[in-house]
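Residue numbers (this note's numbering): 382 to 515. All C-beta atoms, glycine included, are put in the ideal place defined by N, C-alpha and C.
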């Protein structure tokens, strides 16, 4: 009987110790804004892939003429947009809201465009539209 009590006490102590660890892990603050986008993987493997100047090039598809994707030496290569947040690829660099490029700050990322500002002027870069005509 005495041995059973010892086993129950040891089991209870182990359970309490693991429960405290689980609570500590669950209380850690996690940035879920782009949890499903593996930015570290993209940036780590960036030099491994040779996309050339346009990582969104689609063979047999030509770009349409709608939208200004190149302004002041900046090119909006693409946008990854998720629930009100996202990342933009400008001049082949992965950028988040608040990042700076060419003396301008990225102030907003939308589904089809980004807005940059230098304090006085706001610049809108749009994703180039694709056309299926050869």
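Reduced DSSP category for residue i - H, G, I as helix; E, B as strand; rest coil
{"i": "residue 457", "result": "strand"}
{"i": "residue 393", "result": "helix"}
{"i": "residue 500", "result": "coil"}
{"i": "residue 479", "result": "coil"}
Separation of residue j from residue i, as counted between CA atoms
{"i": "residue 492", "j": "residue 474", "result": "17 Å"}
{"i": "residue 394", "j": "residue 384", "result": "15 Å"}
{"i": "residue 463", "j": "residue 480", "result": "18 Å"}
Those residues which DSSP pairs with residue i across a bridge
{"i": "residue 506", "result": "495"}
{"i": "residue 488", "result": "DSSP lists no partner for residue 488."}
{"i": "residue 398", "result": "In DSSP, residue 398 forms no bridge with anything."}
Best match in the options for proximity to residue i [C-alpha to C-alpha]
{"i": "residue 457", "options": "391, 507, 392 and 387", "result": "507"}
{"i": "residue 461", "options": "499, 470, 496 and 454", "result": "470"}
{"i": "residue 501", "options": "490, 495, 486 and 494", "result": "486"}
{"i": "residue 509", "options": "396, 482 and 494", "result": "494"}
{"i": "residue 454", "options": "489, 497 and 477", "result": "497"}
{"i": "residue 482", "options": "463, 504 and 467", "result": "504"}
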